[in-house]
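Heads up, the sequence shown is in my numbering, so the first residue is 2 and it goes up one at a time.
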Amino acid sequence: MKFFFCNTKFNKKEIQKLILWFLLNHGTKKTSNLIDKIKTLSFQYATKSGFSIGIEDLKIPDIKQYLIKNTEKEILKNEKLYLLGNITNIQRLQKIIEIWNTSNEILTKELIQNFRQSNTLNPVYISALSGARGNISQVKQLVGMRGLMSDSKGEIIDLPIQSNFKEGLNITEYLISCYGARKGLIDTALKTSNSGYLTRKLVDVAHSLIIKQLDCKTLQGLLVTPLIKNKKTYLTIKQRISGRILAKNITDKNKKIIASQGQDICNYLAKKIIQKKHENTNIYIRSALTCLTQKSLCQLCYGWNLTYNRLVEIGETVGILAAQSIGEPGTQLTMRTFHTGGIFSGTIKEKIYSPHDGIVQYFLNNSERKIKTKHGEHAILTTLKQNIYIKKNKFSSTKILIPAFSLIYIKPNQKVRKKEIIAEISTYEEVFLKNKEKILKTVKEIKANNEGQIYIQNFEKNKKITWIMNGKIMSSLLLISTLILKRKIFLTNQIEEKINMKKNYKKKQTTNLYKKYFYIFKIRQQKSNFREKTSNYKKIVQKYNENYFKHLKKFYKNSEKRREKNKYKKTQPEIKKLSERKQCLLYTEQNTIIFIKYLQNKNTIGDTIRKKLKNKIICGQIIGIQKNIIILRKGSPYLTPKRTKIYFKNGDLIAKNNTLSYATELKSKTGDIVQGLPKIEELLEAKITKNLQPLYNNPHKKLREYFLLYKKYTRNLASKKSIEQVQKFLLENIQLVYQAQNINISDKHFEIIIRQMTCKVVISKKGQTNLLIGEKMDLQEIERINKKIEKKAEYEPILQGITKASLETESFISAASFQETIKILTESAIKNKVDWLDGLKENIIIGRLMPAGTGIKNIKTNSGKD
């Protein structure tokens, strides 16, 4: 045996490849010795190295603070749009989720990069990336940020956990984190039972499938294509054809045969086929879905036994093997159902970020136009490629190429910070909603966040802004009785917010003070009380301007020279405009609405105010102006898009959490992102509805659509073609669920289960047969009967879930041992059924030797000689 030296890092995948290569070339005995030696060597050096994780190994990347600042800036911008009434609450929530998810993804990438650049021998990095223990998701929580969490209903909380475990969680973050912890514990308990039951159902449906012959002589094959979703490749053609048998010859550009029909494909041949085959040559492989062997399978249609990477032996119970392969990883699958509320689907669009601080410069041309995104933001759409320059200083700038149909969020000559979003890469279909069949309109109610009085602005226009002016609705008799005082009924006004414009003085100019003069400087504070009068009852509600200026007394003696300021400039320290451009205050008339907005290129005085001390935005109606005081009645604006019905009239009173209106919301047609076990069960049980709602893209609907599409052929051919299409649909979708969670299961296992789900048809015309209309028959059985008669029976395709397929199997003993025992045994007795004991379960139940086992061929041969 030749020795060779591999000068490379060996992680989990590399060791797997080495062992697989060794197994193929040197057999099982030598491979077991190799594995034993690897184990001894690794334990020896793991002990000597003293490998462990310490607190100093958890290094937080410096870029985190930049990302958090930029993200908070984006969130604030989004919040302002909502408070303005420019976007709905649905859009606000969607944008928040998207912003935080994007930031989390960037932080994770930067985290790995930080480890690679600083210290590749960091124990945290080695453990996660070698595959020994943990994964990147866990490392992200240790030194990055935990990110968005879902609550007990499964809805995502818009307040993310910004801290990581090294920094420590504050009280709020800890409470949010508890949702996930509780959900994790409950999930683990439920997953075990659900996964076990799924395995039992799969075994029951497929136990009778055993390898019984070498070749079924079929001429059909399954077309192999890569498994791709949302531009991400989950399975390549090479991965899907390894260990399978070719159904048709494959030729290169010169029509020379690279691989012939009936040849099994190893990894080397798979690589050769991908590299040398002609571009237009399709790859067809033998499959359990196209096998002609009745009630069992042949060796060539199954391919390799993946335990040894050799052709499967006759007598192998491949049905049970498939059921266990699919059911076993069930506990690893998540049972999560995300309710993200809206079009956000967990996939993050590619964005372009600023590499450093600077000024953005680019030229607008005719191909660009201003648009409003689905989140209510203003952006510039580029229909052609665009160059953007980020000027760092006078001498250096960075050039960034923006692809066509991207959305640019930064205006020309605008300042940007490091890692701030400049643009978002989109496609023509996404921008112009060309894939409308994937978008579903749903109705969501808009609830009032506060109680008060309705005021509708822009009533005649398409986009109405509905305001709820704050108020208190008194409805309790007990409460009214408490208001009777001094034999008079009254209710005092309560001022919620006041903005005081105080007089302040800044000393500007100085003069010299000479001897023989005596000065006393004194500034007295101004005191004022706000009085309100209701039913002749006076009450001081709140004092303002108190303790603003301190008493100032200064005495100067003779013969001393002093400098003192004696000119004053009036300022307004308490009133600030929200706009970044000007600081000004607008005095408006009573009973007018004032709200937040940016002023751009306007000469008018600004109309936005906020209270500086609490840093809180106040929207509302001006109900009083007195000297230096503006009295606001607080209000909340709600954007109601066109064709939205508002259920209240102008001036009506509304209580908190009452439904104000219903808004149309765009959602992905798949609804919520159902992952893991629930999704697998949904597909394998071929469910039509979920929570009494029809499931979009359910396989029954697909089957019917394909059947009507192929009806231009004969009914029987249409049935066969539509079944083939649905088999492919089920295979792709089930495989996607497992691949999305990094669980690799061979296609052949899924094909065996899908074969059992699609093997029946319903008779629509009996022809010359004795069959009844509506009777269910095995597809291969009816095809065999039709070959022998002139007037053929016609049939339509049906799809059965794994539970139904198990109960409708030909063996009543097997069906009765699964579910509905009394019903099945009673019906079988009435119909005088015969069980031919073809499968494993029925033979074991009555105590016979089961018709399986890899040595069955030799046993029969020997017994025949005797």
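Every residue gets a Cβ at the ideal spot worked out from N, C-alpha and C, and that includes glycine.
Contact under 9 Å by Cβ, residue i with residue j
i           : j           : result
residue 759 : residue 794 : no
residue 380 : residue 389 : no
residue 180 : residue 151 : yes
residue 453 : residue 636 : yes
residue 362 : residue 403 : no
residue 225 : residue 238 : yes
residue 208 : residue 841 : yes
residue 193 : residue 327 : no
residue 855 : residue 314 : yes
residue 170 : residue 178 : yes
residue 105 : residue 141 : yes
residue 798 : residue 738 : no
residue 307 : residue 755 : no
residue 222 : residue 286 : yes
residue 252 : residue 242 : no
residue 806 : residue 736 : no
residue 832 : residue 809 : no
residue 704 : residue 683 : no
residue 164 : residue 146 : yes
Whole-angstrom distance between residue j and residue i, CA atom to CA atom
i           : j           : result
residue 790 : residue 319 : 34 Å
residue 409 : residue 359 : 16 Å
residue 66  : residue 87  : 29 Å
residue 450 : residue 657 : 6 Å
residue 812 : residue 205 : 11 Å
residue 166 : residue 70  : 20 Å
residue 836 : residue 332 : 35 Å
residue 699 : residue 802 : 12 Å
residue 663 : residue 717 : 48 Å
residue 608 : residue 92  : The predicted position of residue 608 is uncertain, since its pLDDT is 36 and thus under 50; no value can be drawn from it.
residue 44  : residue 729 : 46 Å
residue 138 : residue 741 : 15 Å
residue 60  : residue 144 : 6 Å
residue 711 : residue 734 : 22 Å
residue 12  : residue 411 : 43 Å
residue 830 : residue 288 : 37 Å
residue 576 : residue 634 : Because residue 576 carries a pLDDT of 38, less than 50, the predicted location of this residue cannot be relied on, and no value is offered for it.
residue 162 : residue 467 : 33 Å
residue 448 : residue 648 : 11 Å
residue 579 : residue 661 : Only weak support exists for where residue 579 lies, its pLDDT of 37 falling under 50; the value from the coordinates is given anyway. Between residue 579 and residue 661, the C-alpha separation is close to 29 Å.
residue 217 : residue 303 : 11 Å
residue 270 : residue 853 : 32 Å
residue 32  : residue 26  : 9 Å
Extent of the continuous alpha helix (DSSP H) run through residue i
i           : result
residue 738 : 716-741
residue 682 : 678-685
residue 294 : Unbroken run through residue 294: none, as it is neither H nor E.
residue 361 : Where residue 361 is concerned, there is no enclosing alpha helix (DSSP H), although the beta strand (DSSP E) it sits in stretches over 359-362.
residue 109 : 90-119
residue 126 : 124-131
residue 257 : Per DSSP, residue 257 belongs to no alpha helix (DSSP H) and is neither H nor E.
residue 142 : 137-144
residue 825 : 822-831
Endpoints, beta strand (DSSP E) assigned at residue i
i           : result
residue 42  : Careful: residue 42 lies outside any beta strand (DSSP E), inside the alpha helix (DSSP H) at 13-50.
residue 333 : Note, residue 333: premise wrong, no beta strand (DSSP E); not H, not E.
residue 779 : 777-779
residue 379 : 379-383
residue 765 : 761-766
residue 424 : 422-425
residue 648 : Taken as a continuous stretch (DSSP letters only), residue 648 belongs to no beta strand (DSSP E), as it is neither H nor E.
Supposed contact pair residue j and residue i - C-beta distance, whole angstroms, cut 8 Å
i           : j           : result
residue 385 : residue 370 : With 8 Å as the limit, residue 385 and residue 370 do not qualify as a contact, their Cβ atoms being about 12 Å apart.
residue 868 : residue 788 : Given a span of 2 to 867 for the chain in the structure shown, any question on residue 868 remains unanswerable.
residue 775 : residue 762 : The pair is not a contact, with the Cβ atoms about 11 Å apart (cut-off 8 Å).
residue 354 : residue 423 : 7 Å
residue 68  : residue 36  : Not a contact, Cβ separation roughly 44 Å.
residue 219 : residue 227 : About 24 Å separates the two Cβ atoms, so there is no contact after all.
Inter-stretch contact at 8 Å, needing at least 3 Cβ pairs: the region 77-87 / the region 109-129: no
At least three beta-carbon pairs within less than 8 Å, the region 738-755 to the region 717-724: no
Three or more C-beta pairs below 8 Å linking the region 70-79 and the region 118-126: no
Given 8 Å, three or more beta-carbon pairs between the region 211-228 and the region 282-299: yes
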